Every structure is written in structure tokens, then in C-alpha cells.
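Per my numbering, residue 7 is the first one in the sequence shown, and the count goes up by one each step. Cβ atoms here follow ideal geometry from the backbone N, Cα and C, with glycine treated the same way. If you're wondering where the values come from, they're calculated on a predicted model, not measured in any experiment.
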Amino acid sequence: MLVSATEMLNKARDGHYAVGQFNINNLEWTKAILLTAQELNSPVILGVSEGAGKYMTGYKTVAAMVKAMIETLNITVPVALHLDHGSYEGAKACIEAGFSSIMFDGSHYPIDENVAKTTELVELAHSKGISIEAEVGSIGGEEDGVIGAGEIADPAECKKIADLGIDFLAAGIGNIHGKYPENWKGLDFEALDKIHQATGGIPLVLHGGTGIPADMIRQAISLGVSKINVNTECQLSFAAATRSYIEAGKDLEGKGFDPRKLLAPGFEAIKATVKEKMELFGSVNKA
Ligand code: 13P
């Protein structure tokens, strides 16, 4: 069932668990995540970065694939199709293309411009029943060639953006995209607590879910995080499983070169990663 992410995240906030956003890249990714969510009776958010959208030939293709797959696989758990780190233009394009949720990442704009653009997109998204996430304090690391500095968001700015009527808020608290470096200081829980206090209970989003230790994930959830984004970890498990298959020479045995066989171990690896995260986030049986 394709739905906006508002209700599932309000429920997660009230129930003290988090819903995973898992980024998709192709049919295998989408199928693996949807089937795992259904098997575990968990709500789920499919994240699509602008780069992944382009790779899959555009947002219309993505929306059509996801909608058809939900129908043909009989997926009855709540599924949101969400633009990840959208630009102003990308957000508008996804609203048109049939996404059920968007993120407008105006964190690199001066706060007043972030406010102005977010305000306009809130109105547009809500007029179509689409949920909207905004961001304050850019998330560190590299994603689609954009390198963020890993800022700690200012609670007053978070309140300003939260008050615009957005449905959930991403705030930088020392989290970064991709693998965490050896010398990473960890999440700034003091900052998260202040942001949580300042923003009146709006569901908070933790980006950069890959590689955050389980105890930090639990603590973040206890401080108002209701959505956790995971991307790189599925890529790493897919790559490792595919590497093992090829290194074992299985693509050279019989019809092992058939893409449906060659991609199967990676597909199963994504399922296992998503399962592990849903269990850690507490979203199992919350559909
Ligand atoms: P990771 O790639 O670090 O899991 O981050 C995902 C993310 O935050 C997508 O917005």
C-alpha cells in the first residue's frame, strides 16, 4: 500500500521505534526491500536520491515500478516512496511523478532561503497528500558527489523549519553518509536532546544510518528519532555477496552467468541487511 510517510512516522514516534528508509537503485533493490517489509509486517520507506532517480531513467519510471510491484507482490504493509535529499526542482518533479513523500534539502541555503523554499514546497506537497521532510545542518560525508561538512544543527533553526508545517525533520548531529571514519566522535546526543525539546515532538530523521552502533541507534530513538536512513550498508552487503559468488567461480558453472542467478546472492544479502535493521529499529510487526 503506497502511503505518505506522515502517519507511519507519527506512530513510530508515539511507539518509540523508528521506520527505516532504505535507498533503492534498481528492481532487485526494490523487490528485496518490499518483500522483507511484508515478511516482517513492517512499515517501510523507499528512498530515491536524485542520482538514483536519474539512473533508473527518471522519477516516473521509479513511481511506476514501485506502484506495480506493490500490486503484483501483494504488499499490504505501508510503503512510502520518498525523494531523498531533493533539490527544489527535484521535489517538484517527484510530486508530479507520483511519489508519496519528498525531502527538500535546503540545508546548504542561508536559513531564510531554506525557510522560503520549504514553505512553498510544504504547501504544494500537502495539497496532494504528500509528506515532506526538511533538513537543517548539512549531513557530512559524500552522497551523489555532494560533500557535506557534518554540521551540528542549531535548535532555534530547527524550530523555525519545524514550524513551517513539515512532517518530519532531518537535523545534523554529527552523523555522516557512508562509512564512519575510525576517529568519528559519535552522535551528539546533547544536541539531539536540545533539538528534540525545541521542535515540539516532530518526528526526527537520522541520516547516515550505515555503521552507527546499535546502542547509539537505540539512544537516538529514545530522543525522538523516528526515521533512520540506510543506504551504503545495503550496497556493501550486495557487493560482498556478489564478490563471493564470482570469486567462487559460480558464474562459470552451468548457467551461473544468468543475471537472475548472478544477482540472487546480492538480493538475499540486501534482504538480510534490511531485516537486521528493521529488528534493531523496532519496526517489526508495526505495519
Ligand atoms: P548511509 O549511506 O550512510 O547509510 O546514509 C543513507 C542516508 O542518509 C540517505 O539519505
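The ligand 13P heavy atom lying under 7 angstroms from the CB of residue i
{"i": "residue 264", "result": "no"}
{"i": "residue 114", "result": "no"}
{"i": "residue 213", "result": "yes"}
{"i": "residue 68", "result": "no"}
{"i": "residue 120", "result": "no"}
{"i": "residue 184", "result": "yes"}
{"i": "residue 235", "result": "yes"}
{"i": "residue 285", "result": "no"}
{"i": "residue 42", "result": "no"}
{"i": "residue 31", "result": "no"}
{"i": "residue 91", "result": "yes"}
{"i": "residue 239", "result": "yes"}
{"i": "residue 53", "result": "yes"}
{"i": "residue 216", "result": "yes"}
Reduced DSSP secondary structure (H/G/I, E/B, other) of residue i
{"i": "residue 157", "result": "coil"}
{"i": "residue 3", "result": "A query on residue 3 cannot be resolved here, the shown segment of the chain reaching from 7 to 293 and no further."}
{"i": "residue 202", "result": "helix"}
{"i": "residue 163", "result": "helix"}
{"i": "residue 268", "result": "helix"}
Endpoints, the beta strand (DSSP E) within which residue i is located
{"i": "residue 233", "result": "231-236"}
{"i": "residue 50", "result": "50-55"}
{"i": "residue 1", "result": "A query on residue 1 cannot be resolved here, the shown segment of the chain reaching from 7 to 293 and no further."}
{"i": "residue 210", "result": "210-212"}
{"i": "residue 26", "result": "25-29"}
{"i": "residue 175", "result": "174-177"}
Extent of the continuous alpha helix (DSSP H) run through residue i
{"i": "residue 228", "result": "220-228"}
{"i": "residue 291", "result": "No alpha helix (DSSP H) contains residue 291, which DSSP labels as neither H nor E."}
{"i": "residue 76", "result": "65-78"}
Three or more C-beta pairs below 8 angstroms linking the stretch 61-71 and the stretch 276-290: No, the stretch 61-71 is not in contact with the stretch 276-290.
Within the chosen definition, does the stretch 15-28 reach the stretch 227-235 through at least 3 CB pairs nearer than 8 angstroms? Contact holds: three or more Cβ-Cβ distances are below 8 angstroms.
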